[in-house]
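First the structure, in the form of structure tokens, and then the observations on it.
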Amino acid sequence: MAKPLSSTVDKGVANSGALVSAFARQIVPIAPILVLIVVFLIWPIVNVAAKAFEDNNGNFTLDNFVVASQGVYAQAFGNSISLGIYSALLASIPGAAFAYIIESRGSEFLKRIINSATSVLAISGGVPLAFMFIAAFGVEGSATVLLKFIGLDLYASGFTLFSYWGLVLVYCFFQIPIMVLVFSPAVQALRKEWTEAARSLGASKWQYWRHVGIPLLFPSFSASFLLLFASAFSAYATARAMTVGTIALVPLMIGTLVDGNVIVDQFNLGKALAIGMVLVTAVAMVPYLLIQRRVARWQK
Amino acid sequence: MKRLGFKLPSAGLFITVLLAGIFVLLPLGSASEYSFRTPMFGPGTYGWDNYAWFVSQPDFGTYVTLSLMLAAVAAAITLFVLVPTVVWLNLRGQRLRPLMEFLTLLPLVIPVVALAIGAQTSLPVELQSNQYSLSFFYFVLALPYTYRTLDIGIRAIPLKTLSEAARSLGASQIKVIALVLAPVVRGAVIASVFLTIALSLGEFTLTSLLHWQTFTTWVTVISQSNILGAIALSVFTIVAAFALLLVVGLVSIRTKRRQVTEE
Numbered sequence: 027m028a029k030p031l032s033s034t035v036d037k038g039v040a041n042s043g044a045l046v047s048a049f050a051r052q053i054v055p056i057a058p059i060l061v062l063i064v065v066f067l068i069w070p071i072v073n074v075a076a077k078a079f080e081d082n083n084g085n086f087t088l089d090n091f092v093v094a095s096q097g098v099y100a101q102a103f104g105n106s107i108s109l110g111i112y113s114a115l116l117a118s119i120p121g122a123a124f125a126y127i128i129e130s131r132g133s134e135f136l137k138r139i140i141n142s143a144t145s146v147l148a149i150s151g152g153v154p155l156a157f158m159f160i161a162a163f164g165v166e167g168s169a170t171v172l173l174k175f176i177g178l179d180l181y182a183s184g185f186t187l188f189s190y191w192g193l194v195l196v197y198c199f200f201q202i203p204i205m206v207l208v209f210s211p212a213v214q215a216l217r218k219e220w221t222e223a224a225r226s227l228g229a230s231k232w233q234y235w236r237h238v239g240i241p242l243l244f245p246s247f248s249a250s251f252l253l254l255f256a257s258a259f260s261a262y263a264t265a266r267a268m269t270v271g272t273i274a275l276v277p278l279m280i281g282t283l284v285d286g287n288v289i290v291d292q293f294n295l296g297k298a299l300a301i302g303m304v305l306v307t308a309v310a311m312v313p314y315l316l317i318q319r320r321v322a323r324w325q326k
Numbered sequence: 077m078k079r080l081g082f083k084l085p086s087a088g089l090f091i092t093v094l095l096a097g098i099f100v101l102l103p104l105g106s107a108s109e110y111s112f113r114t115p116m117f118g119p120g121t122y123g124w125d126n127y128a129w130f131v132s133q134p135d136f137g138t139y140v141t142l143s144l145m146l147a148a149v150a151a152a153i154t155l156f157v158l159v160p161t162v163v164w165l166n167l168r169g170q171r172l173r174p175l176m177e178f179l180t181l182l183p184l185v186i187p188v189v190a191l192a193i194g195a196q197t198s199l200p201v202e203l204q205s206n207q208y209s210l211s212f213f214y215f216v217l218a219l220p221y222t223y224r225t226l227d228i229g230i231r232a233i234p235l236k237t238l239s240e241a242a243r244s245l246g247a248s249q250i251k252v253i254a255l256v257l258a259p260v261v262r263g264a265v266i267a268s269v270f271l272t273i274a275l276s277l278g279e280f281t282l283t284s285l286l287h288w289q290t291f292t293t294w295v296t297v298i299s300q301s302n303i304l305g306a307i308a309l310s311v312f313t314i315v316a317a318f319a320l321l322l323v324v325g326l327v328s329i330r331t332k333r334r335q336v337t338e339e
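These protein sequence lines are chains A and B, in that order.
Under this note's numbering, the letters of the first sequence match residues 27 to 326, in that order.
Under this note's numbering, the letters of the second sequence match residues 77 to 339, in that order.
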């Protein structure tokens, strides 16, 4: 790993500045992208974090966090977290199964088409998706009519699209594609030789999965699950277009605070809520990073 | 013969693809049917009226053009900043890869609403009042997808060997990049540029919270006066994205096939 450094030293710049200059040589080519990431991502968030600890006069306070963790805001965090968990649960298993079948059995052509399709569904979603579902699964939508025709009456049990579970259903439409997108590389890395080795040693199909397949895929599966959680937890556009503030979700609350539609005593409450969200996703993403590092060892 | 793990009968594949088709086409087809309804001419009638309506809106052209311009700038940043970075990381910058992997994951950790607040309070007014600052945000938000797409595509290619071979045959640095490296990374580059465009065209959260009006936020505006028009516009958006992806997918297949035959 230390090769670039030592080779620089070999070339005869072996003084105390060699290490620094070697580092500089490494960092300069990626400087443009670092600048963009700092200006358009890190600096704004550092700012939010700092302001979250300020009262209206700019003095240090913890009040914003106290309010953000109580009452309606605590409830919103609960709703958002459970929305993240449920939609990740519902999307991860079919997504993983789909990724496995396509990767292990599909032709190159099919894989490419599916890869592009999942990218588009995963990334461009949001608002058009919400309107599409309103049209399809609304009371008069033909999907509703069709499902009723085959015996699935969505509205019989008091379901509405503009409810918590309606939102979970719609989220699946971008969550499953995300799952396929992030889980496929793990399936690709499963080597055919391992199946053959297991078979030649006399393993049954069940034994293969029990001792080889699932242990190898499980870390990637849980990492993808965490990613799905973070994505649903912080999704804003779909929820905003579908519910008109009927369900308390943290991103929507922050949105109304930013818009200035709601006046609160504390100017910086929205920032404390935002930092609360960052903390929740960070808690989910730390195990993700650790798992990915472990997985990287055999995915070579 | 007993089949293990990897092989599934093609019936299984067929059913899977069928289910995926239903998953996509049930809502999409049903919404399309809805978008052709014309209740103003009586129940059960169909026509292109909802589509004609949004096309005839004076704002339609304005916002389509604006969104395409913003997407083009974001795509240009991907092309001229991200692509060289990833190529370089794969050639010489191995040590910095963990750092880049972490940084490009951050947009998934930091909720876009939180970023929007930060952008409002921390960026200089000159930057905020320029609409093209959105393109830079779109570029950053797309990084988790674009960086990984590029990195996976480029890592598979022995860039170092290829460039050393070209150099030893007397090619200049520029020739190495233009004639050797650029053609082999083309597929991954096209895919990442396309992802940037898809994200830019669909981005809503940051755009609306920073009080800009683009094609996507315009849909929510017209939905308040004409829900059928908004549904027609949404179907149009999704179908257009699918059409675009089909073209990109076919192009990248063709390049891949040619690479294979050239080998």
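Glycine included, every Cβ here is placed at the ideal spot set by N, Cα and C.
Everything numeric in this text was worked out from a predicted model, so none of it was measured.
Measuring only the C-alpha atoms, how far is residue i from residue j?
i, j, result
"A/A75", "A/F66", "15 Å"
"B/G348", "B/G229", "For chain B, the structure presents residues 77 to 339; residue 348 of chain B sits outside this window and is missing."
"A/L116", "A/C198", "7 Å"
"A/V139", "B/L271", "According to the sequence shown, residue 139 of chain A is Ile rather than Val. For A/I139 and B/L271, the distance between alpha carbons rounds to 14 Å."
"B/S301", "B/L257", "52 Å"
"B/E109", "A/A169", "10 Å"
"A/A156", "A/F255", "19 Å"
"B/T92", "A/L172", "21 Å"
"B/W294", "A/F135", "36 Å"
"A/I68", "B/L217", "12 Å"
"B/L219", "B/P183", "7 Å"
"B/L322", "A/S95", "46 Å"
"B/L101", "A/I128", "18 Å"
"A/F49", "A/A249", "32 Å"
"A/A310", "A/A258", "12 Å"
"A/A298", "B/A190", "10 Å"
"A/L278", "A/G302", "14 Å"
"B/T121", "B/F112", "8 Å"
Taking CB distances under 7 Å as the criterion, tell me whether residue i reaches chain A.
i, result
"B/S310", "yes"
"B/A316", "no"
"B/T92", "yes"
"B/F213", "yes"
"B/G229", "no"
"B/E109", "yes"
"B/G169", "yes"
"B/F291", "no"
"B/P103", "yes"
If you measure from the beta carbon of residue i to each beta carbon in chain B, is any gap under 7 Å?
i, result
"A/M311", "yes"
"A/A327", "Past the edges of chain A, shown from 27 to 326, lies residue 327 of chain A, and the structure says nothing about it."
"A/F209", "no"
"A/S145", "yes"
"A/N73", "yes"
"A/W69", "yes"
"A/A322", "no"
"A/I107", "no"
"A/V39", "Only weak support is given to the placement of A/V39: the predicted model assigns it a pLDDT of 45, under 50, and the value that follows is read from those uncertain coordinates. Chain B contact via Cβ: absent."
"A/M205", "no"
"A/Q233", "no"
Along the chain, where does the alpha helix (DSSP H) containing residue i start, and where does it finish?
i, result
"B/G120", "It is not in any alpha helix (DSSP H) - B/G120 carries neither H nor E in the DSSP assignment."
"A/F209", "190–215"
"A/I71", "69–77"
"B/D227", "209–231"
"A/G281", "276–285"
"A/S133", "Careful: A/S133 lies outside any alpha helix (DSSP H) and carries neither H nor E."
"B/I183", "The question names Ile, yet the displayed sequence has Pro at residue 183 of chain B. Note, B/P183: alpha helix (DSSP H), 173–185."
"A/E219", "218–226"
"A/A161", "153–163"
"A/D89", "89–94"
Excluding sequence positions up to five away, which residues of its chain have a Cβ less than 7 Å from the Cβ of residue i?
i, result
"A/G121", "I202, M205, V206, F209"
"A/F251", "A114, S118"
"A/G296", "I280, L283, V284"
"A/F200", "L147, A148, G151, L155"
Flag residue i as yes when its Cβ comes closer than 6 Å to any non-hydrogen atom of the ligand GDP, and as no otherwise.
i, result
"A/G167", "As presented, the structure is devoid of all ligands, the ligand GDP included, so that no description of it is given."
Apart from the five residues just before and just after residue i, which ones in its own chain have a Cβ nearer than 8 Å to its Cβ?
i, result
"A/A57", "none"
"B/A192", "T281, L282, L285, L286"
"B/Q207", "L142, L146, W288"
Which residues in the same chain as residue i place their Cβ atom closer than 6 Å to its Cβ, once the five residues preceding and following it in sequence are excluded?
i, result
"A/A125", "V206, F209, S210, V213"
"B/V162", "L226, D227, I230"
"B/L203", "S209"
If the cut-off is 8 Å on Cβ atoms, which residues from the segment 185–197 of chain B count as contacting chain A, listed in chain order? Listed in sequence order: V185, I186, P187, V188, V189, A190, L191, A192, I193, G194, A195, Q196, T197.
Using a beta-carbon distance cut-off of less than 7 Å, what residues from the segment 116–139 of chain B approach chain A? none
Positions along the segment 182–195 of chain A whose CB lies within less than 8 Å of some CB in chain B: So nothing in the stretch comes that close.
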